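Those protein sequences? They're chains A and B, same order as listed. If you're matching positions, the first sequence starts at 631 in the numbering used here and goes up one per residue. If you're matching positions, the second sequence starts at 54 in the numbering used here and goes up one per residue. Taking it in order: structure first as structure tokens, then the write-up.
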Amino acid sequence: MEETPRRAGPVARLGTWVALVVMCFGAVLMVYPYAYAVGGSLKTRLEFSTDKPAVIPPRYQPSTLMKQFGSGEPDAEYLGILKQWPPLRNYRDAVVYGRIDRYLGNSFLYAVLMTLVSLFFNVIAAYAFARMRFPGRDFLFGMLLSTMMIPHAVLLIPQFLVVQQLGLVDHLLGVMLPGFAGAFGIFLLRQFFLNIPAELENAAFIDGCNRWGVLWRILVPVSKPALITLGVFSFMGAWNSFEWPLVVISNEDLYPFAVGLSLFRDQNGQDWPRVLAAAAMGSTPLILVFYAAQKFLVGGISLSGMKAQ
Amino acid sequence: MTKRPRQEWIGYAYIAPAFGLALLFSFFSMGVSLYTSLHEWDAFVGRGRFVGLENYQRNLFGQDSIFWLALRNTSLYVVLVVVGMLCTALPLALLCRRARYLQGLFRTLYFIPSITPGVVVALIFYQIFGVWGKLLDNAATALPAIAIMAIWSGAGYNMLLFLAGLNEIPQDFYDAARIDGAGAWDEFRHVTVPLLRNTVVFVMVMTIIGAYQVFTSVYVMTQGGPERSTEVLAFNIFMNAFSVAGQMGYASACAWLLFVVIGVFVLIQMRLYGSKRVYDE
């Protein structure tokens, strides 16, 4: 940004530095809970109960390391603790005792399927709303948009009753079905399609392509940024959703990560390092997905006011 | 132009899956909710006894009803979150622009809470609030603590929205103000604030609607306690519908009352700012 400094004087420069310092302080506040959680996930159970505020597990703190390794042999008790609690022990325990791997697998399946299916349904609906002429099109589109106004708290009970009537309680399909299409995604994709010049398609029509072919060969490849943005947000929404799967699924084998983590915490009230390890395992995939797709997302997020949850 | 036919009936096939799902899970579901709210509903049997408006009456005037308590708690929470959000996200956006360096890093770091599962955030803050002095064990501080967590997790996301809004303000406006001899405060007051109004309204409305439905953090951190100080509407609805037998109609009535409250807020906001155009589109 080539925004010219307001007054090139020292006051303006001071302002920039003050802003920078405040933002850095804010960044520390943002990162602290994660550092605390990751640190906690590396602690032994004793360390966690005796030294709660510590971010770095006491056995790895510089002062301890200096004392133990600085002059000669570390004492036997300390070596025993190190041997008994290898760094990733809590992560292994979260898998062995909490079946976090199972929940992560469920979440992955559920998020991937929901993303692919919802993208497919949203793309074809958005294409029809953007390009085709059929009676009642705008009215139907308005109806679809109006569903965005309904708070999900109101839909929780009736959607459960519908899923129950369909016999899908305790099925992953029951969790996914209401999310297989969404007004917001259709709205966003329709906007994107409307901004693509029609000449692009006309050339393909002349070559004998039909609607379906044009959509998948011309429009979809051009809309990659919008599709990735929408896909990532749909994935995150599915991965983070909690209340809905909590209601639909009661079979522990089918729990997605968020519900499974909550259950694991209830069963392991005394073993927080394990719970925090499980929490870390379930949060990192999302941060990686976000990081990988970031260059597509930054514009999309600011433009659309999208929200994952 | 093209030699496409005038009407393309095939369009109905393209919108059928999405529209069918919307019919079933939005429109039909709203009907189901209304129907359920007029019955004493047993979810396990799958039918109920018609009781008219009794469920609404019990929510509003019943001796054992905690509707008003939950509404008061939820409203207090909403006020705390909205005020806190505006007092953090907007200044952060202004500072982020002013900082000039490391903007990309700040955007990423501040956004990470938005992509962290709500359950994970709640579990971490459950521990942090414990370390900081048992905020969740005290009836006076539990709700504000949950609000602080919500502000922490939403501030970065809203900062991005404000940054987008700020970027839409043409630089000419600032140049013109400067030529007229405006100081930094005048610029903020007479250029930034009025032109950012749509973004502010959008953020407030979305925050209010979201905060009125707070559930996960209460479920994970306090379960409505201590002394019912964090008993909120969405949690109350969930418990009545899915943990108490035969109260699904009662919970549905409560959900409709929550809908009315949220709807009123949206309408008030819209009228207050006299703005039909909320955000892009």
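The C-beta atom is built at its ideal place from N, Cα and C for all residues, glycine as well. Just so it is clear, the structure is predicted and the values come from calculations on it, not from any experiment.
Check: Does the Cβ-Cβ distance between residue 819 (chain A) and residue 860 (chain A) come in under 8 Å?
Finding: yes
Note to self: Assess contact between the segment 202 to 211 of chain B and the segment 139 to 148 of chain B, defined as three or more Cβ pairs (one per stretch) separated by less than 8 Å. Is contact present?
What the structure shows: yes
Next item on the list: Please determine, among A:702, A:706, A:679, A:716, the residue with the shortest C-alpha to C-alpha distance to residue 690 (chain A).
Entry: A:716
Next item on the list: Establish whether the CB of residue 740 (chain A) and some CB of chain B are separated by less than 8 Å.
Entry: no
Check: Out of curiosity, what's the CA-to-CA distance linking residue 967 (chain A) and residue 113 (chain B)?
Finding: Residue numbering for chain A in the displayed model covers 631 to 939; residue 967 (chain A) lies beyond these limits and cannot be assessed.
Margin query: With DSSP as the reference, identify every bridge partner of residue 137 (chain B), one or two as the case may be.
Written below: The partner list for residue 137 (chain B) (beta bridge, DSSP) is empty, contrary to what the question assumes.
Check: DSSP beta-bridge partners for residue 94 (chain B)?
Finding: B:101
Checklist line | Where the alpha helix (DSSP H) through residue 274 (chain B) begins and ends | finding: Here the alpha helix (DSSP H) through residue 274 (chain B) covers 269 to 274.
Item checked: residue 763 (chain A) vs residue 107 (chain B) beta-carbon contact at 8 Å -> no
Margin query: Under 8 Å, CB to CB, which of the residues in the segment 204 to 217 of chain B have a partner in chain A?
Written below: The segment 204 to 217 of chain B vs chain A, Cβ under 8 Å: 205, 209, 210, 213, 214, 216, 217.
Margin query: Tell me which residue opens and which closes the alpha helix (DSSP H) that residue 236 (chain B) is part of.
Written below: Note, residue 236 (chain B): premise wrong, no alpha helix (DSSP H); not H, not E.
Notebook entry, point to check: Which whole runs of the alpha helix (DSSP H) in the segment 147 to 214 of chain B are 4 residues long or more, in chain order?
Noted result: 156 to 164, 171 to 184
Margin query: Can you tell me where the alpha helix (DSSP H) holding residue 67 (chain B) begins and where it ends?
Written below: 64 to 75
Item checked: CB contact check: residue 885 (chain A) to chain B, cutoff 8 Å -> no
Notebook entry, point to check: According to the neighbour-count rule (16 or more other Cβ atoms, all chains shown, within 10 Å of its Cβ), is residue 842 (chain A) buried or exposed?
Noted result: exposed
Check: Just checking, does the segment 112 to 131 of chain B make contact with the segment 817 to 833 of chain A on the three C-beta pairs under 8 Å criterion?
Finding: no
Check: For residue 940 (chain A), which option in A:755, A:884, A:890 has the closest C-alpha, if you only look at C-alpha atoms?
Finding: Lying before the first or after the last residue shown, residue 940 (chain A) is absent from chain A, which here runs from 631 to 939.
Check: Mind pulling the alpha helix (DSSP H) runs of 4 or more residues that sit fully within the segment 753 to 816 of chain A?
Finding: Contiguous alpha helix (DSSP H) elements confined to the segment 753 to 816 of chain A occur at 767 to 776, 782 to 795, 802 to 806, taking only those with 4 or more residues.
Checklist line | Span separating the alpha-carbon of residue 22 (chain B) from that of residue 189 (chain B) | finding: Residue 22 (chain B) cannot be examined here, being either before or after the span of chain B that is shown, 54 to 334.
Note to self: Within a Cβ cutoff of 8 Å, which residues of the same chain sit near residue 752 (chain A), ignoring the five residues on either side of it in sequence?
What the structure shows: 811, 812, 815, 816, 819, 860
Checklist line | Distance between residue 266 (chain B) and residue 258 (chain B) (C-alpha atoms, nearest Å) | finding: 13 Å
Next item on the list: Please list the partners that residue 870 (chain A) has in chain B, where partner means a Cβ-to-Cβ separation under 7 Å.
Entry: What residue 870 (chain A) touches in chain B: 170, 171.
Next item on the list: Give, in chain order, every residue of the segment 664 to 677 of chain A whose Cβ lies closer than 8 Å to some Cβ of chain B.
Entry: 664, 666, 667, 670
Notebook entry, point to check: What is the DSSP secondary structure of residue 224 (chain B), reduced to helix, strand or coil?
Noted result: helix
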